[in-house]
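J.: Input: one structure, supplied below.
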Amino acid sequence: MTMDKTVESAAAAVADIPDGATLAVGGFGLCGIPMVLIDALLERGVGDLSVVSNNCGVDDWGLGVLLAAGRIRKMTSSYVGENKEFERQYLSGELELELTPQGTLAEKLRAGGSGIAAFYTQTGVGTQVAEGGLPQRYAPDGSVAVASQPKHVETFTVRGEAHEFVLEAAITTDYALVHALRGDRHGNLVFDRSARNFSPLCAMAGRICIAQVEELVQPGELDPDAVHLPGIFVDRVVEVGTDIEKRIERRTVRSEGTEG
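Written as structure tokens, this is what we have:
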């Protein structure tokens, strides 16, 4: 049995993702998003997707291209700004949204990848996150068609004081899509600074993880201490090169010669 996990193209890497699949997709804003794999999914015409990701890109980039094409049924996210089409679909009842605190979302993915069914956290106690009632899907007339359900709340003593904690279920998905700076043929990955963001957690949560890498190296070329995600979590690797387009959500500059 070979440990070579490379595939020849992004199209081949996502060829078996079916309609209705659940996906965990790495990225934060437009940083570290697996755009080549997203484009390959768009080209295939896969739809009715349920996607877990920090956000949904922007109107013409990232997961926003799948959203604009009507391919996403539900988003589980912690940030929904920067995307007018997201707002339109959500408020019109076309898109379901499970809004989740950012740290909780990260831990739900990590727990799912670690085999932990659920965990307790103080985040969300005393709010609709715990008490239920957050609109997840609107009806065409603007009423709430689907609302979040109440979650179990338990009291624990921490450092001699009693505190309430809300029970959060772990997240696992059918597939995970991530972007890495480099990887080897065994699936070991190295991410570039903040582009690491949610990617290792998404990779762990997906039953099948597909990684696009800018540079593919041979086994043994990566310093084991530099590996951010071991290959045990990665099933397919596709090299996309270093000249891929990388966008910035908001570019702020100052005029030449100004100070401060």
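What the sequence shown shows, in full-length UniProt numbering, is residues 1 to 260, in sequence order.
Every residue, glycine too, gets a C-beta built ideally from N, C-alpha and C.
Is S77 helix, strand or coil by DSSP?
T.: In the sequence shown, counting from the first residue as 1, residue 77 sits at position 77. Residue state, collapsed to three classes: strand.
J.: How would you label D184, buried or exposed, when you count the other beta carbons within 10 angstroms and need 16 or more for buried?
T.: Your numbering for residue 184 matches position 184 in the sequence shown. That one is buried.
J.: Between the alpha carbons of G45 and A13, how many angstroms are there, rounded?
T.: If you number the sequence shown from 1, residue 45 lands on position 45. If you number the sequence shown from 1, residue 13 lands on position 13. Taking the straight line from one Cα to the other gives about 15 Å.
J.: S50 bridges to which residues according to DSSP?
T.: Indexing the sequence shown from 1 puts residue 50 at position 50. According to DSSP, which records beta bridges pairwise, S50 is partnered with T22 and K74.
J.: Rank G220, V253 and G231 by C-alpha distance to the C-alpha of I208 and give the top, closest one.
T.: Position 208 of the sequence shown, counting from 1, holds the residue named residue 208. With distances taken between Cα atoms, I208 lies closest to G231.
J.: Excluding the five sequence neighbours on either side, which residues of its own chain have a C-beta within less than 6 Å of the C-beta of V146, listed in chain order?
T.: Counting from 1 along the sequence shown, the entry for residue 146 is found at position 146. Only Q136 and R137 meet the Cβ criterion.
J.: Give the DSSP bridge partners of I232, in chain order.
T.: Position 232 of the sequence shown, counting from 1, holds the residue named residue 232. Answer is none; I232 lacks a bridge partner.
J.: What residue does the alpha helix (DSSP H) around P200 start on, and which one ends it?
T.: Reading the sequence shown from its first residue, position 200 is the one you call residue 200. Run containing P200: S199 to A205, per the alpha helix (DSSP H) assignment.
J.: Determine which residues share a DSSP beta bridge with L189 and list them.
T.: The residue given as residue 189 occupies position 189 in the sequence shown. Answer is G183 and L229.
J.: Sorted by chain position, which residues of the same chain lie with C-beta nearer than 6 Å to T172's C-beta, five sequence neighbours on each side aside?
T.: Position 172 of the sequence shown, counted from the start, is the residue given in the question as residue 172. Same-chain partners within the cutoff: G112 and A205.
J.: Can you tell me whether L30 is helix, strand or coil according to DSSP?
T.: By 1-based counting over the sequence shown, the position of residue 30 is 30. The answer is coil: DSSP assigns L30 none of H, G, I, E or B.
J.: Could you say if the region 168 to 182 and the region 21 to 37 meet the contact criterion of at least three C-beta pairs nearer than 8 Å?
T.: Judged by Cβ distances under 8 Å, the region 168 to 182 makes contact with the region 21 to 37, as three or more pairs qualify.
J.: Is DSSP giving E107 helix, strand or coil here?
T.: To locate residue 107, count along the sequence shown from 1; it is residue 107. Correct three-state label for E107: helix.
J.: Could you tell me the distance, in whole angstroms, from the CA atom of G142 to the CA atom of N55?
T.: Along the sequence shown, read from residue 1 onward, the residue named residue 142 stands at position 142. Along the sequence shown, read from residue 1 onward, the residue named residue 55 stands at position 55. C-alpha separation (whole angstroms): 23 Å.
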